[in-house]
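Written out below as structure tokens is the structure these notes cover.
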Amino acid sequence: MMPDLGKYADAVLSAYAASIVLLVVLVVMTVLRGRKVRAEMARIEEQRSKNG
Amino acid sequence: MGSMSLWEYANPKKFLTTSERILPFFWAAAAVCLVVGLIWGFFFTPDDFRQGSTVKIIYLHVPSAMMAINIWVMMLVTSLIWIVRRHHVSALAARAAAPIGIVMTLIALATGAIWGQPMWGTWWAWDPRLTSFLILFLFYLGYVALWEAIENPDTAADLTSVLCLVGSVFAILSRYAVLFWNQGLHQGASLSLDKEENVADVFYYPLLVCIAGFVFLFIALVLYRTGTEIRARRIRALATRTRAQA
Amino acid sequence: MIALLMRDLRLAFRAGGGFGLGLAFFLIVTVLVPFSVGPQSQLLTTIAPGILWLGALLACLLSLDRLLALDWEDGSLDLLATAPLPLESIVSVKALAHWLTTGLPLVLAAPLLGVLLNLAPPGYVWVVISLALGTPALSVIGTFGAALTVGLKRGGLLLSLLVLPLYVPTLIFGAEVARRGAQGMEVTTPLLMLAGITAGVIALLPFASAAVLRVNLR
């Protein structure tokens, strides 16, 4: 299944690894901050509706 | 009336409900295109006769480099919309896009360096394109740092918009300066990443799928992050109001 | 306008003003370079134009955060903003004052320091010309950066980060004029580009600087 990358295996694999890690970090950080802010927003909305 | 309908989304509420509805499609499209494109490219394309298997790096390098430039252009457009029409969503979209641009520039630089090592025998050469991307990276860093440094969101939006505008002019100037400077330094250097023109079809189709994947990923991320920024801004505004009442 | 310029110059020359700081830094850089790269005169001749330009640029950068910060702190910037003078002229005068107190001394000191770096004889005139043409652009661009960061505490680092990429074209063309001049090559193209950048920046950037200053003074 794994293609024969020949003598450039290190270069190709590290390029893919580095890029995928960077993309995953970006998506995870985006979603983490998004969740936090959305939860905070929901909390405040609830409080406001309670207080009228 | 077409333009009227577009401006409707400048209303933050409307933006949030609409973006929430269409976001799942963009996440899915991004995932499908990236998985298909990268697997196709990595496992099912032949080696290049000159570059060997390093040609597979093209599926990451070219899309990220394209995004790095286009995201800056998008930030310029949304900054201008903020300056002219004062739509908060527009300014926040620019803010939301910038960190994505940083990551895209980093991917382009990293894959370029890793590709350059076996092909040119060096991690880094002051090739005009590499140099331009390094400068673009600095512009992104400064832009994000300015957003982070200023507390008042409207002041930050105004200042970063002007910085984006002025930065764009200087980025273009730098591009020409760097081209001039490098030709002046080593005449006839033929090392370049200019492979787009002569990419064969076997490489071209998976590359297109990967580019689509990066575009969809960017759209999904920027919609989601803009939603986050709109809420964060609202939370801030509410907090200030409560403090004022107390 | 003249009164404002004279006031800025007086403040700079007074003890604690920015005058001399840039010059001292320029001197330090050029004197230390031979210690760090070795005393081979051939090598020094090669890198002299670049070192002189880099030293001048860093000396400019160093003095930028005082450009508007002092007036901001004591409130005189608010007074200036309400004065009948348009803010565009005020930032232009500020940039001019910065150039007269930082850029001009650097231009005049460059030939002396060129001797220390074993600059090639035809280079002297081109180093002076390129610095004289280029340093005004550095001051005007720096004023824009200072206007962006004026309201911030500890804005110095951010200011350097913002101004750094904006300085690249000026540095490239300026150093290229000096380098080509020192090697006796044709300098017309980079010289025209450098002059173009300086002229364009002086004509247009004060509007951006005034705009961001207005936002910061809100």
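Residue numbers (numbering that gives the first Met the number 0), protein chains in the order written: chain H, 0 to 51; chain W, 0 to 245; chain P, 0 to 217. Built from N, CA and C at the ideal position, the CB exists for glycine as well. Just so we're clear, the structure is a prediction, and the values are computed from it rather than from any experiment.
Exercise for the section: Please report the residue range of the alpha helix (DSSP H) in which W:Trp81 lies. Expected result: For W:Trp81, the enclosing alpha helix (DSSP H) covers residues 57-84.
Neighbour-count burial assignment, W:Met66, 16 or more Cβ in a 10 Å radius | buried
message = By alpha-carbon positions, which one of W:Phe217, W:Ala236, W:Glu19, W:Thr53 ends up nearest to H:Leu12?
response = Checking every option, the nearest Cα to that of H:Leu12 belongs to W:Thr53.
Task: Opening and closing residue of the alpha helix (DSSP H) in which W:Arg128 lies - done: 127-148
inquiry  = Going by C-alpha to C-alpha distance, which of W:Thr154, W:Ser173, W:Arg232, W:Ser89 sits closest to W:Leu129?
reply    = W:Ser173
Going by the beta-carbon positions, is the gap between P:Leu84 and P:Met0 smaller than 9 Å?
yes
C-beta neighbour in chain W for H:Lys56, strict 9 Å
With chain H running from 0 to 51 in the structure shown, residue 56 of chain H is simply not present.
Item to complete: Check whether the Cβ of H:Glu39 lies closer than 9 Å to any Cβ atom in chain W.
Response: With 9 Å as the cut-off, H:Glu39 counts as an interface residue toward chain W.
Original post:
Of the residues that make up the stretch 114-132 of chain W, which ones have a beta carbon closer than 8 Å to any beta carbon in chain H?
Top reply: Trp114, Gln116, Pro117
How about W:Ile101: is its C-beta nearer than 9 Å to some C-beta of chain P?
Closer than 9 Å: no.
Q) What does H:Leu21 reach in chain W if we use C-beta pairs closer than 7 Å? A) Val102, Leu105, Ile106
Handout entry: Among P:Leu130, P:Leu212, P:Leu157, P:Leu63, nearest to P:Gly180 - alpha-carbon criterion
Key = P:Leu130
query: Can you find at least 3 beta carbon pairs, one from the stretch 60-78 of chain P and one from the stretch 184-201 of chain P, that sit closer than 8 Å?
result: no
Output yes or no for whether 9 Å exceeds the beta carbon distance between P:Leu161 and W:Ala96. no
Quiz item: Heavy atom of the ligand NAD less than 8 Å from the Cβ of P:Ala109, yes or no?
Solution: Only the bare structure without any ligand can be found here, which leaves the ligand NAD out of the picture.
Quick one: is W:Ser173 near chain P, going by C-beta distance under 9 Å? yes
**Message:** Please classify W:Val102 as buried or exposed, where buried requires at least 16 other C-beta atoms within 10 Å of its C-beta.
**Reply:** buried
Can you pull out the residues from the stretch 208-227 of chain W whose beta carbon lies closer than 8 Å to at least one beta carbon of chain H? Answer set for the stretch 208-227 of chain W: Leu216, Leu220, Tyr223, Arg224, Gly226, Thr227.
Original post:
What distance in whole Å lies between the Cβ atoms of P:Tyr166 and P:Leu132, which are believed to be in contact at a cut-off of 8 Å?
Top reply: With 8 Å as the limit, P:Leu132 and P:Tyr166 do not qualify as a contact, their Cβ atoms being about 15 Å apart.
| request: Following the continuous alpha helix (DSSP H) through W:Thr121, name the residue where it begins and the one where it ends. | output: No alpha helix (DSSP H) contains W:Thr121, which DSSP labels as neither H nor E.
Item checked: Contact set for W:Ala64: own chain, Cβ-Cβ below 6 Å, skip 5 residues either direction -> Ala107
Discussion item. Using a 10 Å radius around the Cβ and a threshold of 16 neighbouring Cβ atoms, would you call H:Asn50 buried or exposed?
Written reply: exposed
Using a Cβ cut-off of 7 Å, pull out every chain W residue sitting near P:Ala94, in sequence order please. The premise fails here: P:Ala94 is roughly 15 Å from chain W at the closest Cβ pair, so nothing lies under 7 Å.
What is the residue span of the alpha helix (DSSP H) that P:Ser62 lies within? Segment: none, P:Ser62 is in no alpha helix (DSSP H) and carries neither H nor E.
Item to complete: Taking W:Gly141 as the query, report the chain P residues whose CB atoms sit under 8 Å from its CB, ordered along the chain.
Response: Leu157, Leu160, Leu161, Leu163, Pro164
Exercise. Compile a chain-ordered list of the residues in the stretch 124-157 of chain P whose CB is closer than 7 Å to at least one CB of chain W.
Key: Phe143, Leu147, Leu151, Leu157
**Message:** If the criterion is Cβ atoms closer than 9 Å, does the pair P:Leu31 and P:Leu163 meet it?
**Reply:** no
Within 8 Å of chain P by C-beta, residues of the stretch 151-169 of chain W in sequence order: Here the close residues are Thr154, Asp157, Leu158, Val161, Leu162, Leu164, Val165, Gly166, Phe169.
Assuming P:Ser208 contacts P:Thr142 under a Cβ cut-off of 8 Å, what Cβ separation, rounded to an integer in Å, is found between them?
Their Cβ separation, rounded to whole angstroms, is 5 Å, which keeps P:Ser208 and P:Thr142 in contact under 8 Å.
Inter-residue Cα distance where the pair is W:His185 and P:Arg9 | In this prediction, W:His185 has a pLDDT of 37, which is less than 50 and means its spatial position is unreliable; nothing more can be read from the coordinates.
By the three-class DSSP mapping on this structure, what secondary structure does H:Asp3 have?
Looking at H:Asp3 - three-state DSSP - the assignment turns out to be coil, as it is neither helix nor strand.
Among the residues of its own chain, which have a CB less than 6 Å from the CB of W:Ala188, if the five just before and after it don't count?
With a pLDDT of 36 at W:Ala188, under the threshold of 50, the modelled position of that residue is not reliable, and the figure given next carries that caveat. There are no such residues.
Residues in its own chain within less than 6 Å of W:Arg224 by CB, not counting five upstream and five downstream?
Ala95
Original post:
What is the rounded straight-line gap between the Cα of H:Asp3 and the Cα of W:Trp39?
Top reply: Between H:Asp3 and W:Trp39, the C-alpha separation is close to 15 Å.
*asked:* I'd like to know whether the C-beta atoms of P:Leu22 and P:Ala58 end up nearer to each other than 9 Å.
replied: yes
Query raised in the report: Taking Cβ positions only, does P:Pro189 come closer than 9 Å to chain W?
Result: yes
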